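So the protein lines, in turn, are chains D and C.
The opening residue of the first sequence carries number 183 in my numbering; numbering runs sequentially from there.
The opening residue of the second sequence carries number 183 in my numbering; numbering runs sequentially from there.
Every residue, glycine too, gets a C-beta built ideally from N, C-alpha and C.
Values in this document were obtained by computation on a predicted structure and should not be read as measured data.
Below you'll find the structure, written out as structure tokens, and then a few comments.
There are 2 protein chains.
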Amino acid sequence: MGSRWGISRTVGQIYALLYISYVPLNADDIAHLLSFSRSNVSMGLKELQGWRLLRSEFRAGDRREYFKTPEDVWEIFRTLADERRRREVEPTLSVLRECLLDPVTTQEDVHFHKRMQAMYDLISMSNEWFVDVQKLSAEDLTALMHLGAHAQKLLHAKNRLLSFAGLNKEELPEGVKQEVVK
Amino acid sequence: MGSRWGISRTVGQIYALLYISYVPLNADDIAHLLSFSRSNVSMGLKELQGWRLLRSEFRAGDRREYFKTPEDVWEIFRTLADERRRREVEPTLSVLRECLLDPVTTQEDVHFHKRMQAMYDLISMSNEWFVDVQKLSAEDLTALMHLGAHAQKLLHAKNRLLSFAGLNKEELPEGVKQEVVK
DNA sequence: CATTAATTTCAAAAATCCCTGAAAGTACGG
DNA sequence: CCGTACTTTCAGGGATTTTTGAAATTAATG
Numbered sequence: 183m184g185s186r187w188g189i190s191r192t193v194g195q196i197y198a199l200l201y202i203s204y205v206p207l208n209a210d211d212i213a214h215l216l217s218f219s220r221s222n223v224s225m226g227l228k229e230l231q232g233w234r235l236l237r238s239e240f241r242a243g244d245r246r247e248y249f250k251t252p253e254d255v256w257e258i259f260r261t262l263a264d265e266r267r268r269r270e271v272e273p274t275l276s277v278l279r280e281c282l283l284d285p286v287t288t289q290e291d292v293h294f295h296k297r298m299q300a301m302y303d304l305i306s307m308s309n310e311w312f313v314d315v316q317k318l319s320a321e322d323l324t325a326l327m328h329l330g331a332h333a334q335k336l337l338h339a340k341n342r343l344l345s346f347a348g349l350n351k352e353e354l355p356e357g358v359k360q361e362v363v364k
Numbered sequence: 183m184g185s186r187w188g189i190s191r192t193v194g195q196i197y198a199l200l201y202i203s204y205v206p207l208n209a210d211d212i213a214h215l216l217s218f219s220r221s222n223v224s225m226g227l228k229e230l231q232g233w234r235l236l237r238s239e240f241r242a243g244d245r246r247e248y249f250k251t252p253e254d255v256w257e258i259f260r261t262l263a264d265e266r267r268r269r270e271v272e273p274t275l276s277v278l279r280e281c282l283l284d285p286v287t288t289q290e291d292v293h294f295h296k297r298m299q300a301m302y303d304l305i306s307m308s309n310e311w312f313v314d315v316q317k318l319s320a321e322d323l324t325a326l327m328h329l330g331a332h333a334q335k336l337l338h339a340k341n342r343l344l345s346f347a348g349l350n351k352e353e354l355p356e357g358v359k360q361e362v363v364k
């Protein structure tokens, strides 16, 4: 899948090897195991470091650098997604913002402006959503995902509870009122 | 951004043109406007149709097919994401499932198995989450996104309310109890 | 059913991307 | 400061992808 995540096939193979390897590997190990040239591995590792996807360690009496991936697959996913957000999404939003500043005169302009605005709103909202969600712990994220579409029901429940609390405050005992407000 | 969404630069340009165009365009229009060969446009349109991203119409006394994108940018996004899910994510999950069936004997195998399982769990959960969320309307989706990280608070509120309801049922008036259960 | 307008296919050319080996660079130990 | 062990850079070549024009195909019209 790597090619669709912004990294080339070779770099993907290197990362996959490091991900499944029981022990950290140095560049020569990787070149040997994957039958890549040493320089290819070097470039691949450099790119992966650019994505902040690698951890490395040194050993006493050994100059070589040993690489491994983070243990937590959620962390990997988050790092990758955040890096893509910064590299691709933010610049796209900048360009869209510039487009939106252009003067609107003709009917075509109106249509163009509407489309750009819709695209900007979608990307901008997704972006903010991701920044927010990224802060959550792996457990909270998992819980949130398991909610899935049920989150919608929860949303409706929230609205019902809020309107209920607004309409019928005097009926509620003090403890319930506090809980609802919370 | 098209290249990271699984479509080539040219196809992306064609789609962008159709997205911003005030009127539907035929293949010749597109070829002319973008300076692509007619056959290139034909292939691009075919690919976009394969992604189910196009609408088209015919006109009386005109044999040519006129193309446009859906009006709703959320619909475009959803279609694209769903198609990618089917083409890329599902096959990946199949391969991972097969890997997980392999016998585990050595220590390396145990590690490999754990890593594959973690990856499978992540992709599988994201996949299910997306399938769920995809069913939501544009408005519900927007509301859900605006919640963002606050959804986590809502989650905790739900848990508090549930435990509260469990502990103090007899204190509540009938109407509140029903609402909480809902 | 022949004509013509429009579209699609496909093999080859063009463009792009990726890998490699040679050479240069870096840093550590003596 | 030199030699050694390791890493990085980069131009050139190879592989892959993309684009094209010519030919084939399809479909509407008189």
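| Asked | Found |
| --- | --- |
| Can you tell me whether DSSP reads residue 319 of chain C as helix, strand or coil? | coil |
| Return the residues of the stretch 280-302 of chain C that lie within a Cβ-Cβ distance of less than 8 Å from chain D, sorted by chain order. | 289, 290, 293, 294, 297, 298, 300, 301 |
| Would you mind reading off the limits of the beta strand (DSSP E) that contains residue 284 of chain C? | No beta strand (DSSP E) contains residue 284 of chain C, which DSSP labels as neither H nor E. |
| Please name the residue or residues paired with residue 208 of chain C in a DSSP beta bridge. | C/248 |
| Hey, residue 311 of chain D and residue 330 of chain C: beta-carbon distance below 7 Å or not? | yes |
| If the cut-off is 7 Å on Cβ atoms, which residues from the stretch 215-248 of chain D count as contacting chain C, listed in chain order? | none |
| List, in order along the chain, the chain D residues whose C-beta lies closer than 7 Å to that of residue 267 of chain C? | Within 7 Å Cβ-Cβ: nothing; residue 267 of chain C doesn't reach chain D, min ~12 Å. |
| Assign residue 191 of chain D to one of three DSSP states: helix, strand, or coil. | helix |
| Indicate the three-state DSSP secondary structure (helix, strand or coil) for residue 240 of chain D in the structure shown. | strand |
| Less than 6 Å between C-beta atoms, sequence neighbours within five positions excluded: which residues of the same chain meet that for residue 192 of chain D? | 226 |
| Please determine if the stretch 187-207 of chain D and the stretch 218-237 of chain D are in contact, where contact requires at least 3 C-beta pairs separated by less than 8 Å. | yes |
| Is the beta carbon of residue 266 of chain C sitting closer than 7 Å to the one on residue 201 of chain D? | no |
| Out of C/275, C/198, C/309, state which residue places its alpha-carbon closest to the alpha-carbon of residue 299 of chain C. | C/275 |
| Output needed for residue 295 of chain C: all residues of its chain with C-beta closer than 6 Å, excluding positions within five of it in sequence on either side, in chain order. | 286 |
| In terms of residues, what are the limits of the alpha helix (DSSP H) holding residue 185 of chain D? | That residue, residue 185 of chain D, is in no alpha helix (DSSP H); it is neither H nor E in DSSP. |
| Report the neighbours of residue 197 of chain C on chain D: residues whose CB is nearer than 8 Å to its CB, in chain order. | Near residue 197 of chain C there are no residues of chain D at all, since even the closest Cβ is about 12 Å away, more than 8 Å. |
| Taking the beta carbon of residue 235 of chain D as the centre, do at least 16 other beta carbons fall within 10 Å, making it buried, or is it exposed? | buried |
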